[in-house]
Amino acid sequence: MSGSIRRRGLACAAILLIGSSTMAPALAGSRAAERPHKAARVEFTAADLAAARPDGLPSDVRLPADDPQAYRAFLEQAPQAAKAPWLVLSGGGENGAFAAGLLKGWSAAGDRPDFGVVTGVSTGALIAPFAFAGRRYDDTLEQAYTQTTAADVFEFGGGSESLTDTWPLKRQIERSVTPALLADIAAEQRKGRRLLVVTTEIDSGRPVLWDMGAVAAKGGPAALKLFRQVILASAAIPGIFPPVMIDAEAGGKKFQEMHADGGATAPFFVAPGRTLLGEEPDPGSIPAPALYLVVNNTLSSDFQVTQRSTLSILGRSLSAAIRAQTATAIALTKTFAARTGLPLQVALIDSRFTRRSPGLFDQGYMRALFAHAERLGRAGTAFDWTPDAITTSTVPAGDDRRADARRQP
1 MSGSIRRRGL ACAAILLIGS STMAPALAGS RAAERPHKAA RVEFTAADLA
51 AARPDGLPSD VRLPADDPQA YRAFLEQAPQ AAKAPWLVLS GGGENGAFAA
101 GLLKGWSAAG DRPDFGVVTG VSTGALIAPF AFAGRRYDDT LEQAYTQTTA
151 ADVFEFGGGS ESLTDTWPLK RQIERSVTPA LLADIAAEQR KGRRLLVVTT
201 EIDSGRPVLW DMGAVAAKGG PAALKLFRQV ILASAAIPGI FPPVMIDAEA
251 GGKKFQEMHA DGGATAPFFV APGRTLLGEE PDPGSIPAPA LYLVVNNTLS
301 SDFQVTQRST LSILGRSLSA AIRAQTATAI ALTKTFAART GLPLQVALID
351 SRFTRRSPGL FDQGYMRALF AHAERLGRAG TAFDWTPDAI TTSTVPAGDD
401 RRADARRQP
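UniProt numbering puts the first residue of the sequence shown at 1, with every later residue one more than the last.
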């Protein structure tokens with residue numbers, strides 16, 4: 001089974017892994033017997049959902065990610081959004097090692113910006129809080145993306161909601177997302193910077209944009225719980241990982257919202273789709289002075305003779321769909337940037353990295369990818385520099401020539 005298929009996305013990987021009959025035993029330390037009985041959901045309406053706020057927190061900690069007007073109004077209240085470059089982090093499962101390594105190398109190079117806005121989807125959501133909080137968290141990201149195994153993320157046998165259970169990932173998040181981290185994020189929020197994470201609200205099918213700095217600034221147990229839930233939800237691949245149920249309240253009525261992977265609606269977030277397409281009555285730009293997009297994936301296809309089985313066909317088809325979705329999103333973002341005059345730089349896993357993963361969250365693969373990206377970050381060669389290029393440069397990984405112009409579009 002080709003390791004590159006696994007790198008297309010964790011959903012495809014899990015399906016293919018299940019299909020290869022390696023799923024039989026649950027991972028050591030299984031908590032299947034501990035899972036509480038899932039009660040029937042409280043009934044609520046679309047109007048209830050539209051008026052809801054997270055239990056214990058105000059409604060302004062989030063907004064619809066597909067509403068251009070709401071997004072524009074939100075950015076108007078973020079002073080640094082127009083003063084400092086933005087960082088956009090995509091999904092990609094174990095390939096998050098690419099962004100983690102790039103950020104550490106960029107820090108070592110000495111010219112990594114304090115980004116005005118940081119957005120994250122899926123594995124990008126796991127990275128985003130630490131990228132936002134600053135260079136002192138680079139070692140935390142390195143540990144997370146070079147020492148993690150599949151057993152630290154999920155176990156098979158999730159139950160009626162999913163094929164797997166992510167209690168190991170939940171525990172990892174609880175250990176790393178601490179009150180101290182939230183205090184650091186809240187301090188940056190007060191400076192006018194913004195940290196945004198996307199989830200998909202399953203009942204409405206709409207993306208939700210969480211103002212994680214606002215959540216952090218509220219402080220207390222409710223804010224810490226919600227912050228961790230949103231991070232877990234953004235990486236919850238529907239059907240593969242269980243959704244995250246978030247307590248909500250609307251007009252005195254309490255119910256639970258169902259949130260899952262932000263990547264279900266887009267592989268990364270720059271702006272609402274209508275903004276990118278120019279479909280608003282007054283289509284404008286975003287206030288970013290420059291945008292750095294880090295795609296934790298590769299766009300190159302591979303060949304493999306597919307077995308005549310449901311899981312093999314489904315896995316290959318999903319792999320192609322994820323690759324096409326990512327390529328389309330990059331192209332759309334480049335078109336938007338060209339139309340609005342937004343300086344855009346894109347980094348992705350290109351032909352300079354050829355290693356393939358022998359299994360899910362293989363440490364050797366992740367360490368190699370981290371080291372590769374760290375070299376690019378140090379050398380300044382991670383991002384493309386031509387306005388019409390969709391892949392990154394072909395400068396050899398060992399070439400330590402600086403490319404500062406690419407960092408200062």
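Just so you know, even glycine gets a beta-carbon here, dropped at the ideal spot from N, CA and C.
(message) Given this structure, state the Cα-to-Cα distance separating Thr101 from Gln143, to the nearest angstrom.
(response) Before going on, a small fix: residue 101 reads as Gly here, not Thr. When rounded, the distance between both Cα atoms is 11 Å.
(request) Could you say which of Leu75, Ile240, Asp60 lies nearest to Glu155 if we only look at CA atoms? (result) Just measuring C-alpha positions, the residue of Leu75, Ile240, Asp60 sitting nearest Glu155 is Ile240.
(message) Taking the alpha helix (DSSP H) that Gln189 belongs to, which residues open and close that run?
(response) 179-190
(message) Between which two residues does the beta strand (DSSP E) holding Phe98 run?
(response) Run containing Phe98: none in the beta strand (DSSP E); it sits in the alpha helix (DSSP H), 96-109.
(request) Taking 8 Å as the threshold, find out whether the region 282-296 comes into contact with the region 82-96 through three or more Cβ pairs. (result) yes
(message) Buried or exposed for Pro242, going by 16 or more other Cβ atoms inside 10 Å?
(response) The residue in question, Pro242, is buried, as its Cβ has 16 or more Cβ neighbours within 10 Å.
(message) Rounded to the nearest angstrom, what separates Ser300 and Gly359 at their Cα positions?
(response) 19 Å
(request) Would you tell me roughly how many angstroms separate the C-alpha atoms of Leu57 and Glu249, rounded to the nearest one? (result) 10 Å
(message) Does the structure place the region 102-118 close enough to the region 256-264 that three or more beta carbon pairs sit under 8 Å?
(response) no
(request) Drop a sphere of 10 angstroms on the beta-carbon of Lys334, count the other beta-carbons inside from all chains shown, and report buried for 16 or more, exposed for fewer. (result) Buried, because 16 or more other Cβ atoms sit within 10 Å of the Cβ of Lys334.
(message) Out of Gln345, Phe132, Thr328, which one is the CA nearest neighbour of residue 410?
(response) Only positions 1 to 409 of the chain appear in the structure, and residue 410 is not among them; the question remains open.
(message) Do Leu63 and Pro287 count as a contact pair if the criterion is CB distance below 7 Å?
(response) no
(message) Please classify Gln189 as buried or exposed, where buried requires at least 16 neighbouring CB atoms within 10 angstroms.
(response) By the 10 Å Cβ count, Gln189 comes out buried.
(request) Please confirm whether Phe336 and Tyr145 have their CB atoms less than 7 Å apart. (result) no
(request) Flag this pair as touching only if the region 111-131 and the region 65-81 have three or more C-beta atom pairs under 8 Å; answer yes or no. (result) yes
(message) Only counting the same chain, and skipping five residues up and downstream in sequence, which positions put a Cβ closer than 7 Å to that of Lys170?
(response) Leu232
(message) Using the Cβ count rule (16 or more neighbours within 10 Å means buried), how would you classify Arg308?
(response) exposed
(request) Measure the beta-carbon distance from Gly105 to Ala373 and round it to whole angstroms, keeping in mind my assumption that it falls under 8 Å. (result) 7 Å
(message) Quick check for students: name the residue ranges of the beta strand (DSSP E) that lie wholly in the region 318-389, counting only runs of 3 or more.
(response) Counting only runs of at least 3 residues, the region 318-389 fully encloses the following beta strand (DSSP E) elements, listed from N- to C-terminal order: 344-348.
(request) Count the other CB atoms, across all protein chains shown, that sit within 10 Å of the CB of Arg219; report buried if there are 16 or more and exposed otherwise. (result) Residue identity differs from the one stated: residue 219 is Gly in this sequence, not Arg. Under this definition Gly219 is an exposed residue.
(message) Taking the straight line between their C-alpha atoms, what separation do you get for Thr178 and Leu224?
(response) 8 Å
(request) Entirely within the region 267-308 and at least 3 residues each: give me those beta strand (DSSP E) ranges in chain order. (result) 291-295
(request) Inspect the beta-carbon positions of Arg339 and Pro68 and report whether they are closer than 7 Å. (result) no
(message) Is it buried or exposed, Gln304, if we count other Cβ atoms within 10 angstroms and call 16 or more buried?
(response) The residue in question, Gln304, is exposed, as its Cβ has fewer than 16 Cβ neighbours within 10 Å.
(message) Let's see if you can read the secondary structure: which residues bound the alpha helix (DSSP H) around Thr200?
(response) Thr200 -> not in any alpha helix (DSSP H); beta strand (DSSP E) instead, spanning 194-201.
(request) Measure the C-alpha to C-alpha separation of Thr140 and Ser122 and round it to an integer number of angstroms. (result) Rounded to the nearest angstrom, the two C-alpha atoms are 18 Å apart.
(request) Report the rounded CA-to-CA distance for Arg316 versus Thr310, giving the unit in angstroms. (result) 10 Å
(message) If you reduce the DSSP assignment to three classes, tell me which class Leu89 lands in.
(response) strand
(message) So, under 8 Å CB-CB, Ala52 and Gly262 are touching, yes? Tell me the CB distance rounded to an integer number of Å.
(response) Contact flag wrong, Cβ pair sits at about 18 Å.
(request) Classify Ala151 as helix, strand or coil using the three-state DSSP reduction. (result) Helix at Ala151.
(message) Would Val244 and Gln229 be called neighbours here (beta carbons separated by less than 7 Å)?
(response) yes
(request) Specify, as a first and last residue, the run of the beta strand (DSSP E) that Asp247 falls within. (result) 244-250
(message) According to DSSP, is Ala78 part of a helix, a strand, or is it coil?
(response) coil
(request) Could you spell out the range, first to last residue, of the alpha helix (DSSP H) harbouring Lys170? (result) 167-176
(request) Could you give the DSSP three-state label for Ala236: helix, strand or coil? (result) coil
(request) Quick one: measure Cβ to Cβ for Pro267 and Gln325, integer angstroms, because I've assumed they're closer than 8 Å. (result) 6 Å
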